[in-house]
Ligand code: MLT
């Protein structure tokens, strides 16, 4: 049986081999959740970018420029990283250059390690992600974006939720995956209560974030597509090919 590994933060990536594996990048609050909303709105493609300075350059190439640092929209950019911003029909057909504190950094780090495929995972499309992983039939790595290379609970409990959906096809590789799975099984019926106690949820409260991003990002299976990396871009190829996961 193929194995599923969980990397709890990008700082641990040097300990792992991603070559020829299916990698799911996870940033529940909020980059990968927000990317799924953007594609549901009809965004054409998303370019993950390392820094706000690099991201700003794409304005000259007719990109929407989106930047978040420390959970706040960076001044001078078109958009930040709240999923609610990306329900705007104006975005249909647009290309977005996107940089966030953790999620886009994890995507770019994973890309450099020659994976077979990089999928964008969120609760919003969790079953579609599980179906895609099973169809790809490769060893699996679930990469949690964490917070500035520290562990966060929302990404790890999502990894456990995904393992739960994969359990007939993949076995947990080690304690890191087993701990994620155990966390999910303990809190599967009270996920929002758990995540509302997270450091990031508390950060939102301290920042007086007016939208309920925690509740929104914990909704399950509102989308049946899986954004994935194609070259340097993230695309929603399932729409392009008419395949719904
Ligand atoms: C991110 O998405 O990189 C971060 O988790 C920060 C956020 O969006 O609040």
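Residue numbers (this note's numbering): 92 to 336.
For glycine and all other residues, C-beta sits at the position ideal for the given N, C-alpha and C.
Bridge partners - residue i, DSSP secondary structure assignment
{"i": "residue 208", "result": "113"}
{"i": "residue 149", "result": "According to DSSP, which records beta bridges pairwise, residue 149 is partnered with nothing at all."}
{"i": "residue 170", "result": "157"}
{"i": "residue 59", "result": "The chain is shown only over 92 to 336; residue 59 falls outside these bounds and no answer can be derived."}
{"i": "residue 104", "result": "According to DSSP, residue 104 bridges with nothing at all."}
{"i": "residue 195", "result": "The partner list for residue 195 (beta bridge, DSSP) is empty, contrary to what the question assumes."}
{"i": "residue 188", "result": "138, 156"}
{"i": "residue 325", "result": "137, 320"}
Contact set for residue i: own chain, Cβ-Cβ below 7 Å, skip 5 residues either direction
{"i": "residue 274", "result": "247, 248, 251"}
{"i": "residue 144", "result": "none"}
{"i": "residue 169", "result": "155, 156, 157"}
{"i": "residue 278", "result": "248, 285"}
Same chain, Cβ closer than 8 Å to residue i, five either side skipped, listed in chain order
{"i": "residue 332", "result": "Residue confidence is low: residue 332 scores 45 on pLDDT, short of 50, so the model does not pin down where it sits. No coordinate-derived value is stated."}
{"i": "residue 104", "result": "98, 200, 201, 204, 234"}
{"i": "residue 310", "result": "214, 215"}
{"i": "residue 182", "result": "129, 132, 133, 134, 155"}
Beta-carbon proximity of residue i to residue j, cut-off 8 Å
{"i": "residue 174", "j": "residue 304", "result": "yes"}
{"i": "residue 213", "j": "residue 119", "result": "yes"}
{"i": "residue 94", "j": "residue 264", "result": "yes"}
{"i": "residue 233", "j": "residue 115", "result": "yes"}
{"i": "residue 271", "j": "residue 194", "result": "no"}
{"i": "residue 128", "j": "residue 235", "result": "no"}
{"i": "residue 146", "j": "residue 156", "result": "yes"}
{"i": "residue 243", "j": "residue 166", "result": "no"}
{"i": "residue 159", "j": "residue 132", "result": "no"}
{"i": "residue 162", "j": "residue 295", "result": "yes"}
Closer than 7 Å: residue i CB and nearest the ligand ADP heavy atom
{"i": "residue 118", "result": "Ligands in the displayed structure: the ligand MLT; the ligand ADP is not one of them."}
Contacts around residue i, its chain only, beta-carbon distance under 6 Å, and the 5 residues preceding and following it disregarded
{"i": "residue 130", "result": "318, 327"}
{"i": "residue 206", "result": "109, 112, 114"}
{"i": "residue 334", "result": "Caution is warranted here: a pLDDT of 44 is assigned to residue 334, below 50, making its placement in the model unreliable, and the coordinate value is therefore given only provisionally. Excluding positions up to five away in sequence, the list is empty."}
{"i": "residue 302", "result": "173, 175"}
{"i": "residue 188", "result": "138, 140, 146, 149, 154, 156"}
{"i": "residue 323", "result": "none"}
{"i": "residue 229", "result": "112, 113, 207"}
| field | Runs of alpha helix (DSSP H) lying entirely within the region 266-323, each at least 4 residues, in chain order | value | 266-278, 282-286, 290-297, 304-308
| Could you give the uninterrupted runs of the alpha helix (DSSP H) lying entirely in the region 216-252, keeping only those of 4 residues or more? | 217-227
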